[in-house]
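For what it's worth, my numbering labels the leading residue of the sequence shown as 488, then goes sequentially. Backbone N, C-alpha and C fix where the C-beta goes; we use that ideal spot for every residue, glycine too.
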Amino acid sequence: MGDLKPALPVVLDLGGRLVVAVGGGPVSARRVRAFLDEGALVRVVSPWLCEDLRDLAGAGRVEWVERDYAGPADLDGAWFAHTATGEPSVDRQVAADAEALRVWCVDATDAVATTASITARADVTTPDGRVTLAAYAAGDPGLAVTVRNGVELALAAGTLDLRRTRTHGRRGWVALVGGGPGSDGLLTRRGHELLSSADVVVVDRLAPRALVDRLPASVRVIDVGKTPGNHPVPQSRINDVLVEEAQRGLGVVRLKGGDPYVLGRGGEERDACEAHGIRVEVVPGVTSAVSVPAAAGIPVTHRGVARGFTVVTGHDDIPVLPTGGDHTLVLLMGVTQLARTTELLVEHGRSADCPVAVIERGFAPDQRTTVGTVGTIAGLAVERGVRAPAVVVVGDVVRLGPDWRHR
Ligand SMILES: C[S@@+](CC[C@H](N)C(=O)[O-])C[C@H]1O[C@@H](n2cnc3c(N)ncnc32)[C@H](O)[C@@H]1O
């Protein structure tokens with residue numbers, strides 16, 4: 488049977504309360520930072536300080552009593568104490584004095600006798616507030632860290648449900664989450680956290696749909712997916728849906744393909760929400776403009792080949808663009824107008840021999856790349872039945888991908 492010493496986990500509000508830390512080394516420094524993060528007032532008692540603590544003392548963030556621990560008077564006014572002097576007899580003395588004063592004390596050198604223990608913690612802040620998980624393994628902080636890391640992995644993967652169960656008086660919110668180019672693995676950790684916190688998910692056609700399919704049944708999914716030439720839900724209606732759901736006090740994730748601010752109308756959705764006083768968080772995503780070419784082995788810049796790139800919609804007539812050979816042009820929504828776009832490119836000075844790649848369905852099992860030149864690509868695309876979604880890359884970087892070499 489292991490150590491069953493009583494160990495009740497509690498949450499302390501240290502805001503504005505004095506914590507005394509005895510010892511000036513790195514263990515003390517780490518803990519002092521944590522106390523300060525919680526808004527505590529901190530007094531450090533030690534004849535010397537490590538660099539971190541010296542910085543904090545120099546910045547006036549902690550009070551430094553520059554001498555050895557001198558007895559219970561050093562704990563005057565403390566709500567909580569921490570001792571890590573590296574000298575077991577001193578730590579024992581601090582712990583005994585704290586006990587006599589009825590002040591909880593962490594003795595960093597005696598995991599068994601200590602009256603309080605610091606846990607390994609994981610925090611996640613959702614728009615509804617903070618969730619803190621604390622792991623404790625008696626006498627084995629390393630094991631507590633392992634358990635905490637497991638929880639963090641689950642948070643990062645979005646497998647922990649963070650939806651609030653007490654929703655009374657809750658203020659609704661909207662998060663515009665960039666879902667990346669459609670592959671589950673390319674949603675950010677923040678995206679997962681918000682998806683795990685939402686009551687309603689308003690989803691695009693090109694967002695990572697597999698993640699949406701795995702949401703609990705209690706989450707309402709509103710599909711506003713557009714297909715090219717077919718816009719079932721107009722943008723103004725999408726904006727209204729976001730506002731209406733948030734006004735009902737719900738947490739809404741607008742899960743978008745790629746990055747919300749790259750040809751994604753994220754700015755309009757944010758403005759619509761803010762105009763109604765709704766809190767909005769915008770989470771960047773991996774844009775298809777860069778990641779889909781990468782999935783086809785094409786870097787959008789490359790030393791000695793391309794010094795920059797421009798992303799533009801291929802849906803409308805393209806504006807006058809940099810045409811030099813050292814500049815890559817990336818077109819989104821460019822399939823329907825490809826013939827017209829290539830004509831315009833030549834008119835603007837791009838060579839008809841300039842390489843072009845069209846990458847369809849990036850990251851999907853049936854991803855396909857068609858390569859040609861400004862002069863040939865439109866015909867090749869028709870021949871091969873190229874369809875949206877696709878990213879068009881114009882420039883010498885196309886030569887760096889495997890499809891150009893093997894054409
Ligand atoms: C409305 S735009 C949205 C772009 C998005 N905000 C982004 O940052 O990737 C949609 C266009 O992105 C491109 N696209 C997005 N995901 C793609 C994918 N997985 N494969 C190929 N093209 C993609 C296509 O050009 C598609 O027509």
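By DSSP, does Pro-842 sit in helix, in strand, or in coil?
The answer is strand: DSSP assigns Pro-842 an E or B state.
Can you tell me the Cα-Cα spacing of Asp-890 and Thr-829, whole angstroms?
Cα to Cα, the separation comes out at about 20 Å.
Buried or exposed (CB count within 10 angstroms, at least 16 for buried), Glu-553
The residue is exposed, with fewer than 16 neighbouring Cβ atoms inside 10 Å.
Helix, strand or coil: which one does DSSP assign to Val-618?
Note: Val-618 maps to strand in three-state DSSP.
Under 7 Å Cβ to Cβ from Gln-722, same chain only, skipping five residues before and after it: list those, please.
Around Gln-722: Arg-752, Glu-755.
Could you give the DSSP three-state label for Pro-889: helix, strand or coil?
If DSSP states are grouped into helix, strand and coil, Pro-889 belongs with the helices.
The alpha helix (DSSP H) with Thr-797 in it runs from where to where?
Not the alpha helix (DSSP H): Thr-797 falls in the beta strand (DSSP E), residues 795-800.
Taking 7 Å as the cut-off, does the CB of Thr-823 come closer than this to any heavy atom belonging to ligand 1?
Thr-823: no, Cβ never under 7 Å from ligand 1.
Based on Cα-Cα distance, which residue from Val-687, Ala-697, Asp-746 lies nearest to Ile-709?
Ranking Val-687, Ala-697, Asp-746 by Cα distance to Ile-709 puts Val-687 first.
How would you label Ala-839, buried or exposed, when you count the other beta carbons within 10 angstroms and need 16 or more for buried?
Residue burial annotation: Ala-839 is exposed, with fewer than 16 other C-beta atoms found within 10 angstroms of its C-beta.
Stretch-stretch touch, CB-based, cutoff 8 Å, three pairs: the segment 582-589 with the segment 514-528:
With a cut-off of 8 Å, the segment 514-528 and the segment 582-589 do not count as touching, because too few Cβ pairs lie within range.
To the nearest angstrom, how far is it from the Cα of Ala-644 to the Cα of Thr-652?
Whole-angstrom Cα-Cα distance: 21 Å.
Expected contact under 8 Å - CB spacing of Val-845 and Thr-857 to nearest Å:
Indeed they touch by this definition, with Cβ atoms about 5 Å apart.
CB-CB length for Val-770 against Thr-675, believed under 8 Å:
Correct: roughly 6 Å between the Cβ atoms.
DSSP state of Arg-724, grouped into three classes?
In the structure shown, Arg-724 falls within a helical segment according to DSSP collapsed to helix, strand and coil.
Would you check if the distance between the CB atom of Ala-468 and the CB atom of Lys-743 is smaller than 8 Å?
Residue 468 is absent from the structure shown; the chain starts at 488 and stops at 894.
Is Ile-785 near Val-861, with beta carbons less than 8 Å apart?
In this structure, the beta-carbon distance from Ile-785 to Val-861 does not fall below 8 Å.
Would you check whether ligand 1 has a heavy atom nearer than 7 Å to the C-beta of Ser-684?
Ser-684 has its Cβ no nearer than 7 Å to any heavy atom of ligand 1.
Taking the DSSP output, what are the residues bridged to Ala-608?
In the sequence under discussion, the amino acid at residue 608 is Arg, which differs from the Ala named in the question. As DSSP reads the structure, Arg-608 sits in a beta bridge with Ala-621.
Could you tell me whether the segment 542-556 touches the segment 598-607, using the rule of 3 or more Cβ pairs below 8 Å?
The segment 542-556, when compared against the segment 598-607, does not touch it at the 8 Å Cβ threshold.
Look at the alpha carbon of Arg-696 and the alpha carbon of Gly-669, and state the distance between them as a whole number of angstroms.
Rounded to the nearest whole angstrom, the CA to CA distance from Arg-696 to Gly-669 is 7 Å.
Does DSSP put Gly-645 in a helix, in a strand, or in coil?
DSSP places Gly-645 in coil when its eight states are reduced to three.
Does Thr-570 pass the burial test, meaning 16 or more other C-beta atoms within 10 Å, or should it be called exposed?
Around the C-beta of Thr-570, 16 or more other C-beta atoms lie within 10 Å, and the residue is accordingly described as buried.
Run of the alpha helix (DSSP H) containing Thr-828, from where it starts to where it stops
From DSSP, the alpha helix (DSSP H) with Thr-828 extends over 825-834.
List the endpoints of the continuous alpha helix (DSSP H) containing Val-895.
Absent from the model: residue 895. The displayed extent of the chain is 488 to 894, so no value can be given.
Would you be able to state if there are at least three C-beta pairs under 8 Å between the segment 785-800 and the segment 811-823?
With a cut-off of 8 Å on Cβ pairs, the segment 811-823 is in contact with the segment 785-800, counting three or more such pairs.
Suppose the cutoff is 7 Å on Cβ atoms and the five residues either side in sequence are ignored; what does the same chain contact list for His-893 look like?
Result list for His-893: empty, nothing under 7 Å.
By how many angstroms is the C-alpha of Leu-640 removed from the C-alpha of Arg-608?
Here the alpha carbon of Arg-608 sits roughly 13 Å from the alpha carbon of Leu-640.
Run of the beta strand (DSSP E) containing Ile-709, from where it starts to where it stops:
Ile-709 -> beta strand (DSSP E) spans 707-710.
Mark Glu-525 as exposed unless 16 or more other C-beta atoms lie within 10 angstroms of its C-beta, in which case mark it buried.
Classification of Glu-525: exposed, given that the 10 Å Cβ count is below 16.
CB of Ala-494 within 8 Å of CB of Ala-625, strictly
In this structure, the beta-carbon distance from Ala-494 to Ala-625 falls below 8 Å.
With a threshold of 7 Å (Cβ to nearest heavy atom), would Ser-775 be considered close to ligand 1?
Because some heavy atom of ligand 1 lies under 7 Å away, the Cβ of Ser-775 counts as near it: yes.
Going by beta carbon distance, what residues of the same chain come within less than 8 Å of Val-638, once the five residues before and after it are set aside?
Closer than 8 Å at Cβ, skipping near neighbours: Ala-609, Leu-620, Ala-622, Leu-647.
With distances taken Cα to Cα, identify the nearest neighbour of Gln-854 among Gly-836, Gly-866, Glu-834, Ala-875.
Per the Cα distances, Ala-875.
Contact test: Arg-848 Cβ vs ligand 1 heavy atom, cutoff 7 Å:
Checking the Cβ of Arg-848 against ligand 1 gives yes.
As a quick exercise: from Val-593, Arg-589, Leu-588, Trp-566, pick the residue whose alpha carbon is nearest that of Asp-578.
Out of Val-593, Arg-589, Leu-588, Trp-566, the CA that lies nearest to the CA of Asp-578 is found in Val-593.
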